[in-house]
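Chemist:
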Amino acid sequence: MVVNDKEKLIKHIWLYRSFLYRFTMFKTTFKDKEMNLIIEALNIKNRYKRIYFIINTLCDQIDEYYKACNLCEFKNNRCLCHREKKLEYLNGCCRKCPYQSTNGCTTKNFACKMFNCSYVRKKHSVLTNKDLVLLKVLTPLQRLDLASDYFSSIEEVALDLFWGPLYSIPRTIIRTTKIMLGKYNFTEKYNKNNKMQP
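Going by the working numbering, the first residue of the sequence shown is number 5, and it counts up by one from there.
1. Should Val6 be labelled buried (16 or more other beta-carbon atoms within 10 Å of its own) or exposed?
2. Just list the residues that DSSP pairs Gly108 with in beta bridges.
3. Along the chain, where does the alpha helix (DSSP H) containing Leu185 start, and where does it finish?
4. Of all the alpha helix (DSSP H) runs that stay within the bounds of the stretch 37-117, which reach a length of 4 or more residues?
5. For Ser93, collect the residues of the same chain with a Cβ closer than 6 Å to its Cβ; drop the 5 residues on either side in sequence, then sort them by chain order.
6. In the DSSP assignment, find the alpha helix (DSSP H) that holds Asp149 and state where it starts and stops.
7. Out of Lys127, Val161, Lys53, Ser172, state which residue places its alpha-carbon closest to the alpha-carbon of Asn74.
8. Considering only residues of the same chain and omitting the five flanking positions on each side of Cys63, which have a CB-CB separation below 8 Å?
9. Of all the options Ser122, Tyr56, Cys97, Leu46, which has the alpha carbon lying nearest to the alpha carbon of Val161?
10. Under three-state DSSP, which class holds Lys127?
11. Span of the alpha helix (DSSP H) holding Leu13?
12. Report buried or exposed for Phe155, applying the criterion of at least 16 other Cβ atoms within 10 angstroms of its Cβ.
13. Excluding the five sequence neighbours on either side, which residues of its own chain have a C-beta within less than 7 Å of the C-beta of Pro45, listed in chain order?
14. Tell me whether Lys3 sits in a helix, a strand or coil according to DSSP, three-state version.
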């Protein structure tokens, strides 16, 4: 099916991602990058793989947008906010996350990448969900879940979105509580996630 109208594509995206188009391959002759990404996502018929592709691509888009910008203005591993408040925290908002490392994040997390404190928002033009058209391929519930699934690996988030809110809400609460209490076993979780694809 050839789609050359971006507005029509976005308007009918809920239909195009449904089972009715399970065997339909979409194409376009347009060079519009966003439209091509949506079509690429719709052409991934395995639901888990589509969700994973969307999260991965969105995170890459966010990284690309901010690549020339030191948003948190880190100095000696302390962000601007914590320096001004005279707090000794290292690594800013990520300080308790099991996925932090000396080279940055070891996974991709949309919620974490989209979070910006008031210090950042005052000084920089930040991305909003409206700027990321690929989000529209997800359902409204999936978008809500994606935006609130902090401190989780890309595999965990993809599974949460795949199984839905009844599965993801308790998992997210338990995961976040364990992280905040320092009782999260990162190694065990990482090994499990590499085996848990549906």
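From the three backbone atoms N, C-alpha and C, an ideal C-beta is built for every residue, glycine too.
Modeler: This is what the structure gives:
1. Here residue 6 refers to the residue found at position 2 of the sequence shown. Per the 10 Å Cβ criterion, exposed.
2. Translated into the one-based positions of the sequence shown, residue 108 becomes position 104. Under DSSP, Gly108 forms a beta bridge with Ser105.
3. Within the sequence shown, numbered from 1, the residue matching residue 185 stands at position 181. Element bounds for Leu185: 169-185.
4. Runs found: 37-46, 51-70, 84-88.
5. One-based indexing of the sequence shown puts residue 93 at position 89. The residue you asked about is not Ser; residue 93 is Tyr in the sequence shown. Counting only Cβ-Cβ distances below 6 Å, and skipping sequence neighbours, we find His86, Arg99.
6. What you label residue 149 is simply residue 145 of the sequence shown in a count that begins at 1. Counted as a single uninterrupted DSSP element, the alpha helix (DSSP H) harbouring Asp149 occupies residues 144-152.
7. By 1-based counting over the sequence shown, the position of residue 74 is 70. For the residues Lys127, Val161, Lys53, Ser172, the minimum Cα distance to Asn74 belongs to Lys127.
8. Residue numbering aside, residue 63 sits at position 59 when the sequence shown is read from its first letter. Within the same chain, and ignoring the five residues on either side of Cys63 in sequence, the residues whose Cβ sits closer than 8 Å to its Cβ are Lys112, Asn113, Phe114, Lys117, Ile158.
9. The residue given as residue 161 occupies position 157 in the sequence shown. Considering only alpha carbons, the answer is Tyr56.
10. In the sequence shown, residue 127 corresponds to position 123, counting from 1. The answer is helix: DSSP assigns Lys127 an H, G or I state.
11. In the sequence shown, residue 13 corresponds to position 9, counting from 1. Note, Leu13: alpha helix (DSSP H), 10-15.
12. Against the sequence shown, residue 155 aligns to sequence position 151. When all chains shown are included, Phe155 counts as buried.
13. Residue mapping note: residue 45 aligns to position 41 of the sequence shown, counting from 1. Here residue 45 turns out to be Ala, not Pro, going by the sequence shown. Excluding positions up to five away in sequence, the list reads Arg54, Phe57, Ile58, Leu138, Val141.
14. Any answer about residue 3 is impossible in this case: the structure gives the chain only from 5 up to 202.
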